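Chemist: Residue numbers (our numbering), protein chains in the order written: chain A, 1 to 344; chain B, 1001 to 1204.
C-beta atoms are modelled at their ideal positions from N, C-alpha and C, and glycine is treated no differently.
Computed from a prediction, not measured in an experiment: that's the story for all the values here.
Please see the structure below; I have some questions.
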């Protein structure tokens, strides 16, 4: 605190200067949510002068924040006297604040941590002031901390990716599939967009292993995994080794038509490998069967439900003679046989 | 020993359910997914009893977000989760796939905000029925054994802990947490008086 023997006007001048110097944003709102203080830091980073905002209500300044977390926190402070914390992680940059003129132009917002606190009205203020609740909105630039954590997280992802790759084929393993499926399923549900799954099984693989040996079997799986991975077009698509000779593709934002097209591409890619298989029940070379499911996840759909559907479609493909694609939910015979099932 | 009547007890559960309902709505808005919370039961226990119930036989670590409320009645309020559960909640709320061993600084802040939302919502329903001023502090994140968090070793205290079990449900994941209010005898009697006032208001 400032030494007590200073005259009040000196104290006031000093406090004003301190509020101007301090390296955090300070907004003071009165009981009607009108701005009565907007410090220099706010002027610098909002590109609004204090003259332009004083007397305006919070919602006049930030109409898009109506009933959002920051606005609720302000109401909580003015109505209930409760303090609130608004974290950067859960609320991405709520206020239009910018580090500098350059980011103001590009619209790239500063990362923010916001505290909303009721203000104790000092007893030496006039009574009409004491009865009015006020609150302080304090905004801190947390860009440095956010970037540091982003780097750490990327490093952790990199490390984890090493434990999420399948030891034999190098493509993502079952664990990676489970995690990816979980997050894409939730994303699809949130954004009401279609999610497709393709379940893939190598035809007569047991006969291949039994006759050519496990070494050749492993080589075969490595080539198949690489070919399936090549067939994928987008970074958000994922192909994983699901089990022994089973693979699973996760295709976000892909409709049934797109998934069927990709499944057929995969099937022909494996044919093109022309891996000899004299003991196959289907052809003279290695082939695959594929089951496709496309869904916009609704409230009552679950991941096991979707995987189960892909599994049933795959089973249908096996029963329909192998080396073909079956889309879940479509009649397999005879209507769509031509479009969904093709041999050779 | 302090005790609420059955009617007061039911009223308090109902008020807390209103409170966590509001908190769940606020959290749903943040994560844009359905979050539900309910309070199936409340208990009054001593600090030592709560510490034992939370800590189990071994001294597992507890994450806590604490806030001080003063005015209508004075209490230290805390939201508590076993450490692994708090990691799970933050992971779900932030939609992250990579889990770390511990919450990072920014994640601790996110956890503090979750606590802040839940505690303020619970307390606002109590502030409403008291019709008195109640001042709430900013949340503080702490981690430690349940004894450390509750401060239950070596100090004399005549109060009780009001514990709410919270069923927290986010995207099909169910997570149990606890909210505890440390209430001394004065605060307990204040709380009981407000409940009585609230109930007589309903009846008349």
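Hey, residue 292 of chain A and residue 263 of chain A: beta-carbon distance below 8 Å or not?
Modeler: To locate residue 292 of chain A, count along the first chain from 1; it is residue 292. To locate residue 263 of chain A, count along the first chain from 1; it is residue 263. A contact, by the Cβ cut-off of 8 Å.
Chemist: State the Cα-Cα distance for the pair residue 208 of chain A and residue 200 of chain A, rounded to the nearest angstrom.
Modeler: Stepping through the first chain from its first residue, residue 208 of chain A is reached at position 208. Stepping through the first chain from its first residue, residue 200 of chain A is reached at position 200. In a straight line, the C-alpha of residue 208 of chain A is about 17 Å away from that of residue 200 of chain A.
Chemist: What residues in its chain sit with their C-beta under 7 Å from that of residue 184 of chain A, if we drop five residues either side in the sequence?
Modeler: As a first step, residue 184 of chain A is located in the first chain; it is residue number 184 there, counting from the start. Excluding sequence neighbours, residue 184 of chain A sits near 195, 250 and 252.
Chemist: Pick out the complete beta strand (DSSP E) segments inside the region 190-233 of chain A, 3 residues or longer, and give them in chain order.
Modeler: Here the runs fully enclosed are 195-202.
Chemist: Quick check: the Cα distance between residue 129 of chain A and residue 30 of chain A, rounded to an integer number of angstroms?
Modeler: Translated into the one-based positions of the first chain, residue 129 of chain A becomes position 129. Translated into the one-based positions of the first chain, residue 30 of chain A becomes position 30. Using only the alpha carbons, I get a separation of about 10 Å.
Chemist: For residue 118 of chain A, which beta-bridge partners are listed by DSSP?
Modeler: Here the question's residue 118 of chain A lines up with position 118 in the first chain. Answer is A:135.
Chemist: Over what stretch of residues does the alpha helix (DSSP H) that includes residue 41 of chain A continue unbroken?
Modeler: Counting from 1 along the first chain, the entry for residue 41 of chain A is found at position 41. Taken as a continuous stretch (DSSP letters only), the alpha helix (DSSP H) holding residue 41 of chain A covers 40-46.
Chemist: Just curious, the beta strand (DSSP E) that residue 1037 of chain B is in, first and last residue?
Modeler: Locating residue 1037 of chain B in the second chain gives position 37, where the first residue counts as 1. Element bounds for residue 1037 of chain B: 1035-1045.
Chemist: Determine the direct distance from the alpha carbon of residue 1034 of chain B to that of residue 1028 of chain B, and round the result to whole angstroms.
Modeler: As a position in the second chain, residue 1028 of chain B is number 28, starting the count at 1. As a position in the second chain, residue 1034 of chain B is number 34, starting the count at 1. Spanning the two alpha carbons is a distance of roughly 5 Å.
Chemist: Against chain B, which members of the region 292-312 of chain A pass a CB distance test of less than 8 Å?
Modeler: 302
Chemist: Run the CB neighbour count on residue 91 of chain A, radius 10 Å, all protein chains shown included, and call it buried at 16 or more, exposed below.
Modeler: As a working note, residue 91 of chain A is residue 91 in the first chain. Under a 10 Å Cβ-count criterion, residue 91 of chain A is classified as buried, with 16 or more other Cβ atoms of the shown protein chains found around its own Cβ.
Chemist: State the Cα-Cα distance for the pair residue 1072 of chain B and residue 308 of chain A, rounded to the nearest angstrom.
Modeler: Taking the second chain and counting its residues from 1, the one referred to as residue 1072 of chain B is at position 72. Taking the first chain and counting its residues from 1, the one referred to as residue 308 of chain A is at position 308. About 56 Å.
Chemist: Can you find the residues in the same chain that come closer than 8 Å, C-beta to C-beta, to residue 78 of chain A, ignoring five residues on each side of it along the sequence?
Modeler: On the first chain, residue 78 of chain A is found 78 positions in, with the first residue counted as 1. Result list for residue 78 of chain A: 29, 31, 33, 118, 133, 134 and 135, in chain order.
Chemist: Please determine if the region 1164-1178 of chain B and the region 1040-1053 of chain B are in contact, where contact requires at least 3 C-beta pairs separated by less than 8 Å.
Modeler: yes
Chemist: Using a 10 Å radius around the Cβ and a threshold of 16 neighbouring Cβ atoms, would you call residue 297 of chain A buried or exposed?
Modeler: For the purposes of this step, residue 297 of chain A is taken as the residue at position 297 of the first chain. By the 10 Å Cβ count, residue 297 of chain A comes out buried.
Chemist: Tell me, please, whether the region 1009-1021 of chain B touches the region 1120-1127 of chain B by the rule of three or more beta-carbon pairs shorter than 8 Å.
Modeler: yes
Chemist: Cβ of residue 111 of chain A within 8 Å of Cβ of residue 142 of chain A?
Modeler: What you label residue 111 of chain A is simply residue 111 of the first chain in a count that begins at 1. What you label residue 142 of chain A is simply residue 142 of the first chain in a count that begins at 1. Yes, Cβ-Cβ distance for residue 111 of chain A and residue 142 of chain A is below 8 Å.
Chemist: Please classify residue 166 of chain A as buried or exposed, where buried requires at least 16 neighbouring CB atoms within 10 angstroms.
Modeler: Residue numbering aside, residue 166 of chain A sits at position 166 when the first chain is read from its first letter. The residue is buried, with at least 16 neighbouring Cβ atoms inside 10 Å.
Chemist: Under 8 Å, Cβ to Cβ, is there at least one residue of chain B near residue 325 of chain A?
Modeler: Translated into positions along the first chain, residue 325 of chain A becomes position 325. Among the residues facing chain B, residue 325 of chain A is not included, as its CB has no counterpart in that chain under 8 Å away.
Chemist: List, in order along the chain, the chain B residues whose C-beta lies closer than 8 Å to that of residue 117 of chain A?
Modeler: Translated into positions along the first chain, residue 117 of chain A becomes position 117. 1138, listed in chain order.
Chemist: Nearest chain B C-beta to residue 184 of chain A closer than 8 Å, yes or no?
Modeler: Here residue 184 of chain A corresponds to residue number 184 of the first chain, with the count starting at 1. With 8 Å as the cut-off, residue 184 of chain A does not count as an interface residue toward chain B.
Chemist: Rounding to the nearest angstrom, what Cα-Cα distance links residue 45 of chain A and residue 230 of chain A in this structure?
Modeler: By one-based count along the first chain, residue 45 of chain A stands at place 45. By one-based count along the first chain, residue 230 of chain A stands at place 230. Between residue 45 of chain A and residue 230 of chain A, the C-alpha separation is close to 47 Å.
Chemist: Can you tell me whether residue 13 of chain A is buried or exposed? The criterion is at least 16 other CB atoms within 10 Å of its CB, across all chains shown.
Modeler: One-based indexing of the first chain puts residue 13 of chain A at position 13. Burial call: exposed.
Chemist: Can residue 1128 of chain B and residue 84 of chain A be called in contact, C-beta distance under 8 Å?
Modeler: As a working note, residue 1128 of chain B is residue 128 in the second chain. As a working note, residue 84 of chain A is residue 84 in the first chain. No, Cβ-Cβ distance for residue 1128 of chain B and residue 84 of chain A is not below 8 Å.
Chemist: So if DSSP puts residue 112 of chain A in a beta bridge, which residue, or which two residues, is it bridged to?
Modeler: Reading the first chain from its first residue, position 112 is the one you call residue 112 of chain A. The partner list for residue 112 of chain A (beta bridge, DSSP) reads A:141.
Chemist: CA-CA distance, residue 96 of chain A and residue 121 of chain A?
Modeler: Position 96 of the first chain holds residue 96 of chain A. Position 121 of the first chain holds residue 121 of chain A. In a straight line, the C-alpha of residue 96 of chain A is about 29 Å away from that of residue 121 of chain A.
Chemist: Quick one: is residue 1114 of chain B buried, meaning 16 or more other Cβ sit within 10 Å of its Cβ, or exposed?
Modeler: On the second chain, position 114 is the one that residue 1114 of chain B refers to. Counting Cβ neighbours within 10 Å, residue 1114 of chain B comes out buried, since at least 16 surround it.
Chemist: If we count Cβ pairs, one from each stretch, closer than 8 Å, do we get three or more for the region 264-279 of chain A versus the region 214-233 of chain A?
Modeler: yes
Chemist: Taking the DSSP output, what are the residues bridged to residue 29 of chain A?
Modeler: Taking the first residue of the first chain as 1, we reach residue 29 of chain A at position 29. Residue 29 of chain A is bridged to A:35 and A:135.
Chemist: Under 8 Å between C-beta atoms, does residue 1105 of chain B make it to chain A?
Modeler: Translated into positions along the second chain, residue 1105 of chain B becomes position 105. Interface residue, yes.
Chemist: Counting Cβ pairs, one atom from each stretch, are 3 or more of them under 8 Å apart for the region 68-77 of chain A and the region 1095-1112 of chain B?
Modeler: no
Chemist: Quick one, which residues of the region 128-155 of chain A are near chain B if we go by CB-CB under 8 Å, in chain order?
Modeler: Listed by position along the chain: 142, 145, 146, 149, 152 and 153.
Chemist: What's the call for residue 1193 of chain B, buried or exposed, on a 16-neighbour Cβ count within 10 Å?
Modeler: Position 193 of the second chain, counting from 1, holds the residue named residue 1193 of chain B. Burial call: exposed.
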